[in-house]
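In my numbering, the protein residues as written are 94 to 514. All C-beta atoms in this analysis are idealised placements derived from N, C-alpha and C, irrespective of residue type, glycine included.
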Amino acid sequence: MKEKNKYLQLEYKPNYQEEIIATFYGESNGSLEELSEQVAGESSIGTWTKLTTLSDEVFQRLGARIFSLDKKNNIFKIAYPLSLFEKGSIPQLLSSVGGNIFSMKAVKNLRLENIEFPEKYIKSYPGPYWGIEGIRKMLNVYDRPIIGCIMKPKIGLTSKQNAQMASQIFANGVDLIKDDENLTSLSFNKFEDRVKKVLELKKKVEKKTNQKKIYVFNVTAPVSLMLERARLVKKLGGRCVMVDVISVGWGAVQELRRQNLKLIIHGHRAGHSAFTRNKKHGISMLVLANLARLAGIDQFHTGTVVGKMEGGEEEVCSINDLLREDWREFDQLRENWASLKPILPIASGGLHPGLVPQLVEILGQNLVINFGGGLHGHPQGSEAGARAAIQSIEAVQKGIKIKEYAKTHPELKVALNYWKF
């Protein structure tokens, strides 16, 4: 390749309205310059050797450009012409900027830290159907976190037991209940049977309490079966389905949204840490949040900071900000997401009532707080666990210290003592 066709062009000024910008962390046995060149080539129009089929004109029009190189922190940024990407296709996007590059021998460590999109690319996706405002309107809950519950044990309840427990928890104030990530359709808890039984009892609770409730049915499956299950939920009067986005793949998530079933799509991230947890290699959770909003997820698991799952305060807050806001600020760009509705973040994993004040202080009110073991593990049972969870939210809303509030709320007091808080 001629010298003029090098991918490394540090004098280049990217066009943020016509290019996708990817930020990478990289380590290799060679120089950062050499590594970034190989990444830029492999993720755009190049390969391991000079090509007689690649003209100067095509290189200048479609070649990626490395415009920033931070040797101290091993960070480089690449600008990709928008013409390299099929609009509205997350699979094609990831095949480019998150594909072969991780397999190159030159790579010791490589992490896709962030992707910035032009407005015209963002607009090629539908985004969430409901978003934050729609979910809150459906529940008629506006001034506090949405209180969620995960069915426990993860697997083991029959469909009848599942429905009865959901009914009891709904009756004790919880807004949203969800299947766990590995509960789909099993011999002792068939999907269709569960949906019918849960929705029948949910309607009775709603009529009795005059409060709307949401049950989240896990439709994770091969695409045709996933869509069949989602349509069943819709037909029987359900309002929400959950999909394990990593397990089914982004193409399947996009297809679920494309069906326009007007169901809330609840995104679970099971398996993400296989490639997000290593801070030097893989793809960041921030990138997944970008993709979730493009794909049309309405509410998405992002981390708890104070619970059992990995993810620090700075990371989780930055992800939640991305999901909830219309604009993202960069050095040379205000990235416009206003064409896509914002996503409701979900805090889930290792939460119990005692952690709620700290959780809300860190993550704010605009989220779903999901209790699993921290509700069902209450010594007095799941119903008492539900009341304790509600009481913890009440304490925060009223500005009362949680231990003080527990003095007059026995379920909360038992929960705090049990989890030694």
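Worksheet entry | Whole-angstrom distance between K372 and E120, CA atom to CA atom | Pairing E120 with K372, the inter-Cα distance amounts to about 12 Å.
Worksheet entry | N- and C-terminal bounds of the beta strand (DSSP E) containing L203 | For L203, the enclosing beta strand (DSSP E) stretches over residues 202-209.
Fill in: Exposure of E179, with buried meaning 16 or more beta-carbon neighbours within 10 Å
The residue in question, E179, is exposed, as its Cβ has fewer than 16 Cβ neighbours within 10 Å.
Fill in: 8 Å CB neighbourhood of T122 in its chain, flanking five on each side removed
For the record, residue 122 in the displayed sequence is Asn; it is not Thr. The residues A199, K201, in chain order, have a CB closer than 8 Å to that of N122 in the same chain once the five nearest residues on each side in sequence are set aside.
Worksheet item: Below 8 Å between beta carbons: does that hold for I436 and P221?
Response: Against a cut-off of 8 Å, the Cβ pair of P221 and I436 comes out as a contact.
Worksheet item: Helix or strand or just coil, what does DSSP make of Y222?
Response: Three-state DSSP puts Y222 in coil, outside helix and strand.
Worksheet item: In whole angstroms, what is the alpha-carbon distance linking K216 and W420?
Response: Looking at the two C-alpha atoms, the distance is approximately 14 Å.
Worksheet item: Between the stretch 241-249 and the stretch 132-150, are three or more C-beta pairs nearer than 8 Å?
Response: Remark: fewer than three beta-carbon pairs, one from each stretch, lie closer than 8 Å, so the stretch 241-249 and the stretch 132-150 are not flagged as touching.
Worksheet item: Can you give, in chain order, each stretch of the alpha helix (DSSP H) that sits fully within the stretch 317-373 and has at least 4 residues?
Response: List check, alpha helix (DSSP H) in window: 338-341, 343-351, 366-369.
Worksheet item: Is the CB-CB distance between V312 and A323 below 8 Å?
Response: It is a contact, given that the beta carbons lie within the stated cut-off.
Discussion item. Report the start-end ranges of each beta strand (DSSP E) in the stretch 95-152 that is 3 residues or longer and not cut off at the edges.
Written reply: Every unbroken stretch of the beta strand (DSSP E) spanning 3 or more residues and falling wholly within the stretch 95-152 is given here in chain order: 112-120.
Worksheet entry | CA-to-CA distance, L329 to Q110, given in whole angstroms | If you take the alpha carbons of Q110 and L329, they lie about 44 Å apart.
Discussion item. I believe S252 touches K306 by the beta-carbon criterion, under 8 Å. Please report the beta-carbon distance rounded to the nearest angstrom.
Written reply: About 18 Å separates the two Cβ atoms, so there is no contact after all.
Discussion item. For E135, count the other beta carbons within 10 Å of its own beta carbon; 16 or more makes it buried, fewer makes it exposed. Which is it?
Written reply: Taking all protein chains in view, the Cβ of E135 is crowded by 16 or more other Cβ atoms within 10 Å, so the residue is classified as buried.
Worksheet item: Can you tell me the Cα-Cα spacing of P211 and V190, whole angstroms?
Response: Across the structure, P211 and V190 are spaced so that their CA atoms are roughly 15 Å apart.
Worksheet item: DSSP puts Q392 in a beta bridge; with which residues?
Response: Residue pairing by DSSP puts Q392 in a beta bridge opposite H359, L437.
Discussion item. For Y173, list the residues DSSP reports as bridge partners.
Written reply: Residue pairing of Y173 in beta bridges, as defined by DSSP: I113.
Worksheet item: In whole angstroms, what separates the C-alpha of K164 from that of D268?
Response: Our two residues, K164 and D268, have alpha carbons roughly 49 Å apart in a direct line.
Worksheet item: Where in the stretch 259-311 do unbroken runs of the alpha helix (DSSP H), each at least 4 residues long, occur, reported from the N-terminal end onward?
Response: Runs of the alpha helix (DSSP H) inside the stretch 259-311: 284-302.
Worksheet item: In three-state terms, what does DSSP make of L250?
Response: If DSSP states are grouped into helix, strand and coil, L250 belongs with coil.
Discussion item. Going by DSSP, what residue range makes up the alpha helix (DSSP H) through L415?
Written reply: First-last of the alpha helix (DSSP H) with L415: 406-417.
Fill in: Assigned secondary structure, S485 (DSSP; H/G/I helix, E/B strand, else coil)
The three-state secondary structure of S485, taken from DSSP, is helix.
Fill in: Cβ-Cβ distance between I488 and N265 below 8 Å
It is worth fixing the name first, because residue 488 is Ala in this sequence and not Ile. In this structure, N265 does not lie closer than 8 Å to A488 by Cβ.
Worksheet item: Can you give the Cα-Cα distance for K295 and H471, rounded to whole angstroms?
Response: Going by the C-alpha atoms only, they are around 23 Å apart.
Worksheet item: Does the beta-carbon distance from T170 to S161 come in below 8 Å?
Response: Looking at the sequence provided, one finds Lys at residue 170 rather than Thr. Taking a C-beta distance under 8 Å as the contact criterion, K170 and S161 qualify as a contact pair.
Worksheet entry | N510: first and last residue of the uninterrupted beta strand (DSSP E) it sits in | For N510, there is no enclosing beta strand (DSSP E); the enclosing alpha helix (DSSP H) has its first and last residue at 503-511.
Worksheet item: Rounded to the nearest angstrom, how far is the Cβ of V288 from that of G241, given a contact under 8 Å?
Response: Rounded, the Cβ-Cβ distance is 18 Å, inconsistent with contact.
Practice prompt. Take the Cβ of Q484 as the centre, count every other Cβ of all protein chains shown within 10 Å, and call the residue buried at 16 or more, exposed below.
Written response: That one is buried.
Discussion item. Tell me the rounded alpha-carbon separation between K327 and Q451.
Written reply: So the alpha carbons of these two residues sit roughly 37 Å apart.
Fill in: Contact the stretch 223-233 vs the stretch 404-411: 3+ CB pairs below 8 Å
No, because fewer than three Cβ pairs between the stretch 223-233 and the stretch 404-411 fall closer than 8 Å, the two stretches do not touch.
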